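Written out below as structure tokens is the structure these notes cover.
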Amino acid sequence: MVFKRRNPRSYLRIVTEFFYPRGGWKRAFTYVMHRLRRLPDQPHRIARGVAAGVFISFTPLFGIHFLGAAAIAWAIRGNILAALLATFIGNPATTPFIALLSVEIGRWMLGAEGGLSFNEIIGAFSHAAIEIWANIKAIFGPEPTSWLDLKHFFDSIFLPYLVGGLIPGLIAGGIFHYLTLPVIRAYQKRRAKKLRERSEKLRLGARARARAEVAASAAAAAVAPAANEPDSPL
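The sequence shown begins at 201 in this note's numbering and counts up by one.
So this is what it looks like as structure tokens:
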């Protein structure tokens, strides 16, 4: 296979690099920015896509952030690939802060009392995933289904996370849009200038070579008759 790794990664390494990429988060962020700058699209569309990807990262829609980012980018006429790249904001290093902030704001907006730790939030999501899978199996088996725990999860965790993530998500999306737009514009102008300079250099080089060839041909044509003239008798 063309894209097969020479040294396959172990499952432990895959999990480790998911939480801490090889080269660190700074290198990963630099790579994402490099890919964003090189997208072949208008700067305002790329910036809108970035805003969509950042916004969706503040929602509890884990597993479908890509789909949500693409849908929002399409709706606001942003660059879909930029939106997918921008979901990098919701990574294992930032998710604890996003989750705590969103749930806290959501519970305050909905009038719920008491705060939750990140471990409690993650534990609730894990338990809900197990419950959903158990109920799916129960639908096709003899076991009874039970949705009470999922209802409690929805009311106490998911809904506050969803509602509370709207405000910081909109703010963060707006900030990233504001920061990304001039960066993309400056990069594209600089890149276009370099391409023009390179094209002009190639054009001048081709013209110089053409002139040299014409001069060489003229010199050869002038020398040829002289070489063909018969020698005068003594």
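For every residue, glycine included, the Cβ atom is placed at its ideal position computed from N, Cα and C.
Quick caveat, the model's predicted, so the values are computed rather than measured.
In the DSSP annotation of this structure, the continuous segment of the alpha helix (DSSP H) that includes SER302 starts and ends at 295–309. Residue environment for VAL414: exposed (fewer than 16 other C-beta atoms within 10 angstroms of its C-beta). Burial check for SER417: the Cβ neighbour count within 10 Å stays below 16, so the residue is exposed.
One Cα belongs to VAL250, the other to GLY315, and the distance between them is close to 31 Å. Between the stretch 388–396 and the stretch 282–296 there are fewer than three C-beta pairs closer than 8 Å, too few to call the two in contact. Judged by DSSP secondary structure, GLY253 falls within the alpha helix (DSSP H) whose first and last residues are 243–256. The beta carbon of PHE353 is closer than 6 Å to those of ALA324 and ALA328 in its chain, skipping five residues each way along the sequence.
Around the beta carbon of ILE272, 16 or more other beta carbons sit within 10 angstroms, so the residue counts as buried. By the 16-neighbour rule on beta-carbons within 10 angstroms, LEU236 is buried.
For ALA312, no alpha helix (DSSP H) encloses it, and the DSSP letter there is neither H nor E. Contact annotation, ARG307 with PRO382: C-beta distance approximately 37 Å; criterion of less than 8 Å not satisfied. Distance between GLU331 and ASP241, taken at the CA atoms: about 43 Å. Following the DSSP letters along the chain, one finds GLY364 inside the alpha helix (DSSP H) bounded by residues 359–364. Under a 10 Å Cβ-count criterion, ILE289 is classified as buried, with 16 or more other Cβ atoms of the shown protein chains found around its own Cβ.
For VAL363 against LEU301, the beta-carbon gap comes to about 12 Å, at or over 8 Å, which does not count as contact. Taking one beta carbon from each stretch, the stretch 292–299 and the stretch 336–347 have fewer than 3 pairs nearer than 8 Å; the two do not touch.
Inclusion of ALA312 and THR287 in the CB contact set at 7 Å is not warranted, their separation being larger than that value.
Burial check for PRO344: the Cβ neighbour count within 10 Å stays below 16, so the residue is exposed. Put simply, the backbone Cα of GLY263 is about 40 Å away from that of LEU395. For LEU281, the uninterrupted alpha helix (DSSP H) run begins and ends at 280–286, by DSSP. By the neighbour-count definition (other C-beta atoms within 10 Å, threshold 16), PRO342 is an exposed residue. Between ILE246 and ILE384, the C-beta gap is smaller than 7 Å, which places the two residues in contact.
Excluding sequence positions up to five before and after VAL254, its CB lies within less than 6 Å of the CB of ALA286, ILE289, ALA372, GLY373 and PHE376, all in the same chain and listed in chain order.
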